[in-house]
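Chemist: Here the protein sequences come in this chain order: A, B and C.
For what it's worth, our numbering labels the leading residue of the first sequence as 1, then goes sequentially.
For what it's worth, our numbering labels the leading residue of the second sequence as 1, then goes sequentially.
For what it's worth, our numbering labels the leading residue of the third sequence as 1, then goes sequentially.
We treat Cβ as the ideally placed atom computed from N, Cα and C, and that holds for glycine.
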Amino acid sequence: MKFSLIPKEEQFFDLLDRMAQYIDESAAALDDLAKNYVDVDAKIARIGGIEHACDEVCHDCLDKLETTFITPLDREDIHELVLRLDDVVDMTTTAASRLPLYRIAQPRPRVMKLSAVIVEQGKLLVSAIKRLRNKSQYSMVSNDCVEIHRLENEADDIIREAIGELFEKETNAIELMRWKEIYETLETITDCGEDVANVIHGIVVKNA
Amino acid sequence: MKFSLIPKEEQFFDLLDRMAQYIDESAAALDDLAKNYVDVDAKIARIGGIEHACDEVCHDCLDKLETTFITPLDREDIHELVLRLDDVVDMTTTAASRLPLYRIAQPRPRVMKLSAVIVEQGKLLVSAIKRLRNKSQYSMVSNDCVEIHRLENEADDIIREAIGELFEKETNAIELMRWKEIYETLETITDCGEDVANVIHGIVVKNA
Amino acid sequence: MKFSLIPKEEQFFDLLDRMAQYIDESAAALDDLAKNYVDVDAKIARIGGIEHACDEVCHDCLDKLETTFITPLDREDIHELVLRLDDVVDMTTTAASRLPLYRIAQPRPRVMKLSAVIVEQGKLLVSAIKRLRNKSQYSMVSNDCVEIHRLENEADDIIREAIGELFEKETNAIELMRWKEIYETLETITDCGEDVANVIHGIVVKNA
Numbered sequence: 001m002k003f004s005l006i007p008k009e010e011q012f013f014d015l016l017d018r019m020a021q022y023i024d025e026s027a028a029a030l031d032d033l034a035k036n037y038v039d040v041d042a043k044i045a046r047i048g049g050i051e052h053a054c055d056e057v058c059h060d061c062l063d064k065l066e067t068t069f070i071t072p073l074d075r076e077d078i079h080e081l082v083l084r085l086d087d088v089v090d091m092t093t094t095a096a097s098r099l100p101l102y103r104i105a106q107p108r109p110r111v112m113k114l115s116a117v118i119v120e121q122g123k124l125l126v127s128a129i130k131r132l133r134n135k136s137q138y139s140m141v142s143n144d145c146v147e148i149h150r151l152e153n154e155a156d157d158i159i160r161e162a163i164g165e166l167f168e169k170e171t172n173a174i175e176l177m178r179w180k181e182i183y184e185t186l187e188t189i190t191d192c193g194e195d196v197a198n199v200i201h202g203i204v205v206k207n208a
Numbered sequence: 001m002k003f004s005l006i007p008k009e010e011q012f013f014d015l016l017d018r019m020a021q022y023i024d025e026s027a028a029a030l031d032d033l034a035k036n037y038v039d040v041d042a043k044i045a046r047i048g049g050i051e052h053a054c055d056e057v058c059h060d061c062l063d064k065l066e067t068t069f070i071t072p073l074d075r076e077d078i079h080e081l082v083l084r085l086d087d088v089v090d091m092t093t094t095a096a097s098r099l100p101l102y103r104i105a106q107p108r109p110r111v112m113k114l115s116a117v118i119v120e121q122g123k124l125l126v127s128a129i130k131r132l133r134n135k136s137q138y139s140m141v142s143n144d145c146v147e148i149h150r151l152e153n154e155a156d157d158i159i160r161e162a163i164g165e166l167f168e169k170e171t172n173a174i175e176l177m178r179w180k181e182i183y184e185t186l187e188t189i190t191d192c193g194e195d196v197a198n199v200i201h202g203i204v205v206k207n208a
Numbered sequence: 001m002k003f004s005l006i007p008k009e010e011q012f013f014d015l016l017d018r019m020a021q022y023i024d025e026s027a028a029a030l031d032d033l034a035k036n037y038v039d040v041d042a043k044i045a046r047i048g049g050i051e052h053a054c055d056e057v058c059h060d061c062l063d064k065l066e067t068t069f070i071t072p073l074d075r076e077d078i079h080e081l082v083l084r085l086d087d088v089v090d091m092t093t094t095a096a097s098r099l100p101l102y103r104i105a106q107p108r109p110r111v112m113k114l115s116a117v118i119v120e121q122g123k124l125l126v127s128a129i130k131r132l133r134n135k136s137q138y139s140m141v142s143n144d145c146v147e148i149h150r151l152e153n154e155a156d157d158i159i160r161e162a163i164g165e166l167f168e169k170e171t172n173a174i175e176l177m178r179w180k181e182i183y184e185t186l187e188t189i190t191d192c193g194e195d196v197a198n199v200i201h202g203i204v205v206k207n208a
């Protein structure tokens, strides 16, 4: 085991912060892809790079869990949190790569509306994770979680409208399927964000 | 913190009972919508009202978890149970609203068959949650859980038959997609019910 | 309670091993169905038989959890592990039965590619579960988990390519839907395998 001047406690929170940063970065990159749909392959490769970096931090964190005696939060909670954070970045990568995969020529306005919600949610995840170091901030962590849920509902409303419109107006079945899947995959990112918020809130509740 | 004559212990179980009641109510409302497909908007608004009321109890319960020192079950188990109960009502609302969203003119018989299964499952969830107060009833809680699983299998069989028929006879792709999604969303309610049963059974196992 | 010469500790691991064996068997049967698509009904009935046997062991294990005082792993972890193992066999049965359900005349090569990945993953699950008896083997359990994740990624790549091709070339919407669902259901088996690996790795981390 390497010698380190940073206490173990801080190291875990540093890794969690980094994972949250990757969520934030990948959300920004997805939003940029949706709004400026050029250099698509290069932009998706960049998101894939963020996912890969996030995976490495995820594995670091899981390895550290195996070899560290005392952890700042219950080990099973860190384990669950790390997996759920990783899911957000994974799903963001999946959503981005589905645009060219489903042969989308140009994202529709609602794709950008959804990516804007995803960016907002990412910033709240960064905030909630950062505040998790400090029990005096736990009520603010709960507030962040409430906001994350609210954004998931917002994404739900956007997608509901979008799909209603598709079933009303779209007569080309493949076109309908294509857009329905794109919207649903984007909305799933906010579900993954909500899953993280649920784990975070569970930690707050347990340690309150 | 407010002063209360009801012991904390009872308060949690009262809140869980109320959430289970909302599941029961929303299932009955969905069943009525399927069987009497008139005043659709008003009926869906009513289900939305139940969902909203359930959300409030859910948040009450989570808040109480943060401020209560001793809880009748492990805090993480109450947390998980509350989230999973909320999911059932959420999914019921989603399924109901998809009927007009997917431009369904008239629910087919299998929709009513599925809603009947959902009603039955809701009643078992009410029963299992009520019995959770009392360890002497834990073997009956386990029986309720087995029945909830059985109903999920029943829903599975209905949907399997329905989808086989669609892929055999339906030549209009949008029509196929429409009904497939309606059936699958209804079946997902019974999956959510099964998730609740799994959490309940986990609690029984832990405290046996 | 029956008298038994085998220590309780060993009995739980024996049951977990049997569930893993059923995963392995059902994966082999699915692979055979994909590669030799004859006697389809009989082959699917056989997979259904494996699922049924697995269900029984699952219930045995859950019953034993309720009546056993000391368990070799935390009761909630055994509970979660048993449910997730059962999910793999359930999903394998679902995927197999969807082939005739979706009126597939002949599985395409990618179906066989996916079933080969599922077979490999099943073998790793058997290995990881077997090694869980022995803490000295926990680092090898972690390695098995990493491999299981890798195979899930491999399945992801296969399906991504397959779906890209469908959206590029397939002009018949029902045909597109049919194959997309078949591929996705197969890929979900590897997601379920990954869920098992996550629970296993959580156990390793907790008991390290």
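#1: Just verifying my parser: in three-state terms, what is the DSSP assignment at A:Phe69?
#2: Would you decide whether A:Glu56 is buried or exposed? Buried here means 16 or more other CB atoms lie within 10 Å of its CB.
#3: So A:Ala173 contacts chain C; which residues on that side make the cut at Cβ distance below 7 angstroms?
#4: Please name the residue, chosen from A:Ala27, A:Thr67 and A:Ile189, that lies closest to C:Val204 on a Cα-to-Cα basis.
#5: Assuming B:Gly173 and A:Ala173 form a contact by the criterion Cβ under 8 angstroms, report the distance between their Cβ atoms to the nearest whole angstrom.
#6: By DSSP, does C:Leu125 sit in helix, in strand, or in coil?
#7: Could you check the C-alpha separation between B:Met210 and B:Asp41 for me, to the nearest Å?
#8: What's the C-alpha gap between B:Arg110 and B:Glu25?
#9: Measure the Cβ-Cβ separation of B:Glu152 and B:Glu184 and say whether it is below 9 angstroms.
#10: Is the CB of B:Leu211 under 9 angstroms away from at least one CB in chain A?
#11: Classify C:Asp157 as buried or exposed, calling it buried when 16 or more other Cβ atoms lie within 10 Å of its own Cβ.
#12: Can you check whether the CB of A:Leu16 is closer than 9 angstroms to the CB of A:Asp60?
#13: Using only the alpha-carbon positions, how far apart do C:Asn207 and A:Ile70 sit?
#14: Using the Cβ count rule (16 or more neighbours within 10 Å means buried), how would you classify A:Leu166?
#15: Taking only the alpha-carbon atoms, compute the straight-line gap between C:Asn134 and C:Glu51 and give it to the nearest angstrom.
#16: Answer with yes or no whether the minimum CB distance from B:His52 to chain A is below 9 angstroms.
#17: Quick one: what's got a C-beta closer than 7 angstroms to B:Arg75's C-beta in the same chain, skipping five residues either side?
#18: Thinking A:Asp32 and A:Cys192 are a contact (beta carbons under 8 angstroms), I'd like their distance in whole angstroms, please.
#19: Going by the CB atoms, is the gap between C:His201 and A:His79 shorter than 9 angstroms?
#20: Check whether the Cβ of A:Ser26 lies closer than 9 angstroms to any Cβ atom in chain C.
#21: Measuring only the C-alpha atoms, how far is A:Arg18 from B:Ile148?
#22: Distance check for B:Ile44 and B:Met112, CA to CA, integer angstroms please.
#23: Please return the same chain residues whose Cβ sits closer than 8 angstroms to the Cβ of C:Val222, not counting the five positions on each side in sequence.
#24: Rank B:Gly164, B:Pro107, B:Lys35 and B:Leu30 by C-alpha distance to the C-alpha of B:Val89 and give the top, closest one.
#25: Could you work out which residue in B:Ile23, B:Gly48 and B:Ile118 is closest to B:Glu187 when comparing CA atoms only?
#26: Using a beta-carbon distance below 9 angstroms, is B:Glu168 in contact with chain C?
#27: Is the CB of A:Met177 under 9 angstroms away from at least one CB in chain C?
#28: Excluding sequence positions up to five away, which residues of its chain have a Cβ less than 8 angstroms from the Cβ of C:Leu83?
#29: Apart from the five residues just before and just after C:Tyr138, which ones in its own chain have a Cβ nearer than 7 angstroms to its Cβ?
#30: Taking 9 angstroms as the CB-CB limit, is A:Arg150 close to chain B?
#31: With distance defined between alpha-carbon atoms, name the residue in B:Asp63, B:Gly49 and B:Leu73 nearest to B:Glu10.
#32: Between C:His201 and chain B, is any beta-carbon pair separated by less than 9 angstroms?
#33: Using C-beta distances below 7 angstroms, list every residue in its chain close to A:Arg46, excluding the 5 sequence neighbours before and after it, in chain order.
#34: Any C-beta of chain B sitting closer than 9 angstroms to the C-beta of C:Thr67?
#35: Checking 9 angstroms against the spacing of the C-beta atoms, do B:Leu85 and B:Ala34 come in under that value?
Modeler: In short, the structure shows the following:
#1: coil
#2: exposed
#3: Ala173
#4: A:Thr67
#5: Per the sequence presented here, residue 173 of chain B reads as Ala, with Gly not at that position. That pair is a contact at about 4 angstroms.
#6: helix
#7: Nothing about residue 210 of chain B can be reported from this structure: the residues present for chain B run from 1 to 208 only.
#8: 21 angstroms
#9: no
#10: As shown, chain B starts at 1 and ends at 208. That puts residue 211 of chain B outside it, with no answer to give.
#11: exposed
#12: no
#13: 12 angstroms
#14: buried
#15: 28 angstroms
#16: no
#17: Leu65
#18: Not a contact, Cβ separation roughly 20 angstroms.
#19: yes
#20: no
#21: 42 angstroms
#22: 16 angstroms
#23: Residue 222 of chain C lies beyond the range of chain C shown here (1 to 208); nothing can be said about it.
#24: B:Leu30
#25: B:Ile118
#26: yes
#27: yes
#28: Cys58
#29: Val204 and Ala208
#30: no
#31: B:Leu73
#32: no
#33: Ala29
#34: yes
#35: no
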